[in-house]
Structures are given as structure tokens and as C-alpha cells.
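Numbering (the numbering used here), first residue to last: 11 to 357. Cβ coordinates follow ideal geometry from the N, Cα and C atoms, glycine included. Reading through the C-alpha cells given below for one structure.
Spelled out as C-alpha cells, the structure:
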């Protein structure tokens, strides 16, 4: 079958033969033109989309026609005024199609924005839930911390009370221990002898002090170990002698006489001994001996500290009386009782 024969068409403007790729057909007047004959450039012609070419109108059809035109008689000839000349450069664009295209794009964009908003709302809701959850956990933690803080305060208060009670118990025990020694005297720096008779030694001490100390008034007598061990460089001091007497009054008389009779030496005590056997471990007869109250270890340490502070704080007197420690800065100042380290700190 032979292909259909197309009839050649001429341009309605220039009357030249039209080529299909250069032709534009007006949808209104059905006339065809070269696109150059109606004043379009190559670029303007290409901007007319293929889908819009069937809807294209020529410039004459796009200009609205007036229903009538006034006539002017010139030389007995009626002539119509020419219609307005059409624009020579017009781009035919289907605005409705463009608007539909823009609307579709805006709809897609709007849908994406809506989806993003929904996602943000979901995430924000989840974040709010998480924050609220952590807020509850923090609140519970704060409550626990408050409870622990309150418990800690209670424990601290109980600890203070227990420490106070323990201190009172220790003080009571210390007083009881010291009270059990109220009939005791302690002899310091008395040279040791092999086979020594301590009862006879104490009787000799009474002879020196003019205070009789018969054997029947001595309940017990023995030497006690030193509280601090001596180093190799130190001269070993003899062990102290603790004498337990029958009455406190007898003890007080001996201590008072010893304070009046100062400067007792080991040599004097040896000479006063009546038939004391044994050989002394030292030949130093000028060694001073001391007669003191029998203090507990705590009171001994406290008394030693008080005597050290007497020098550094310029106190005139520090003394013992009935196992109690006293200090006085001058003859006209008040007497201060020292019962603890806290009292020493106040000096």
C-alpha cells in the first residue's frame, strides 16, 4: 500500500511552501505560517511546547476585534480605520498548564513539609516523654539523696552522742582506776639490786622522811616496767617502785614529807637501809630519787604535757594534788584545773 500523499501548503503570509518543522497552525482561523513570518525567533519558537502547539493562535486571532469601526469619508470614499497592529514578538505559553505544574510541585512540597512536621512532632513527643521520664528519675534520686542526707545527719548526731558517752565512760573508768590508787605512792629512780628487799627499802625511806612506815602498813610493794623501751644510747632507768599503803592519810603524809625534804638521793637511801642485802647495779650515790602519787598512764602523760607547757606558756606553778593536775600563772592569778588535752589547749 502506497503512503498517503500530502498536499503542499503555502505560508499564508509569504505564500512560500511550508516545511512541517517550521509551520505553526492557528487553532482559531486554521491558517498556517512560517514562525519567522509572524515575528518569532528560533528561541521563541522552541519555547512553544509541542503539547501547546495545537492550542496556538496567530497574532491576528489573539487580538480581540471591535464590533464596529467608524468610517471617515475622504474624497467620497468610505475607508475603515485599520485595526491595531498585532505584536510582532509573542511567546505562546499555556499558563494554566504551568499553574497546574506549579501546583503539583507545591503539593509535593507541602506533603513533604507535612510529613516532616509529623516526624518532628513524633520525635518531639518522644523527647518530651524521655525528658519527663528522666525528670521522674532525677526526682526519685533527689528524694533518695535527701533521705541519705537525713540519715547521715542522724548518724553524725548519734556519733557525737556515742563519742560523748564513750568519753564519759573513759573518764569514769579513769577516775575509778585513779581512785583505786589513792593509797599508793610511786618511787622513781631508785637503783635496782639483786635480791633487794623492797619492804625494808620503803621502811628506810620512812626513816629518811621522819615518817614511820612499818611493814604492817604496807599492803603491797613491787617494781613496774617502764612505759617506753630504752634505746641502746639511753642509760637504762631503774623500774619504778609502787607501794600500796593501808590508808590514804598515811600516803599523803609521806608525799608531803618528801616535798619538804627535797634532794633525796640513792646514797642516802642506801645508808638508811637497815641490813639491806644485795649489790646495787649502779655506784652513783648522787642519783636523785622521787616520791610521787601513783598516777594512771593517762594522767602521767597529761602531767608531763602540763610541765612542758609551763615553760613555753610562762606558768609559774604546775602541781599535783590528790591525783589532780593544777596550773597557776602567777601568785595573784586563779588556779586552773587540767583534766584533759582540751584544758591544756586553753592555757
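Note: residue 348 is bridge-paired with 335 in the DSSP secondary-structure output. Following the DSSP letters along the chain, one finds residue 151 inside the alpha helix (DSSP H) bounded by residues 105-189. DSSP places residue 269 in the helix class (H, G or I) of the three-state scheme.
Per the C-alpha coordinates, the member of 56, 258, 38, 105 positioned closest to residue 67 is 38.
Taken atom to atom, the span from the alpha-carbon of residue 152 to that of residue 136 is near 24 Å. Exclusion of the five residues before and after residue 320 leaves 328 as the residues of its chain whose Cβ lies within less than 6 Å of its Cβ.
Collapsing the DSSP output to three states places residue 309 in a helix. In this structure, residue 220 keeps its C-beta atom at 8 Å or more from the C-beta atom of residue 298.
Residue state for residue 27 is assigned as strand, using DSSP reduced to three classes. DSSP links residue 300 through a beta bridge to 198. The C-beta distance from residue 228 to residue 209 rounds to 6 Å, short enough to meet the 8 Å contact threshold.
With 16 or more other Cβ atoms inside 10 Å of its own Cβ, residue 206 counts as buried. Per DSSP, the beta bridge partners of residue 232 are 252. Taken through DSSP and simplified to helix, strand or coil, residue 33 comes out as strand. Residue pairing by DSSP places residue 226 opposite no residue, since no beta bridge is assigned to it.
Around the CB of residue 276, 16 or more other CB atoms lie within 10 Å, so the residue is classed as buried. Here the alpha carbons of residue 176 and residue 251 stand approximately 32 Å from one another. Between residue 121 and residue 65, the gap from beta carbon to beta carbon reaches 8 Å or more. Residue 316 places its beta carbon 8 Å or farther from that of residue 345.
Between residue 51 and residue 123, the alpha-carbon positions lie close to 41 Å from each other.
Across the structure, residue 270 and residue 218 are spaced so that their CA atoms are roughly 12 Å apart. In the structure shown, the three-state DSSP call for residue 328 is strand. Counting along the chain, the unbroken alpha helix (DSSP H) around residue 210 starts and ends at 208-219.
With fewer than 16 other Cβ atoms inside 10 Å of its own Cβ, residue 150 counts as exposed. Taking a 10 Å sphere around the C-beta of residue 134, we find fewer than 16 other C-beta atoms and assign the residue as exposed. Just so you know, the alpha carbons of residue 71 and residue 35 end up roughly 12 Å apart.
The C-beta distance from residue 193 to residue 254 rounds to 6 Å, short enough to fall under 8 Å. Rounded to the nearest angstrom, the gap between the Cα atoms of residue 139 and residue 159 is 30 Å.
A Cβ-Cβ contact shorter than 8 Å links residue 42 with residue 19. The Cβ-Cβ distance between residue 215 and residue 305 does not fall below 8 Å.
The C-beta distance from residue 333 to residue 309 rounds to 6 Å, short enough to fall under 8 Å.
Note: residue 275 is bridge-paired with 298 in the DSSP secondary-structure output. In the DSSP assignment, residue 42 falls within the beta strand (DSSP E) that extends over 42-44. Around the Cβ of residue 234, a 10 Å sphere holds fewer than 16 other Cβ atoms; the residue is exposed.
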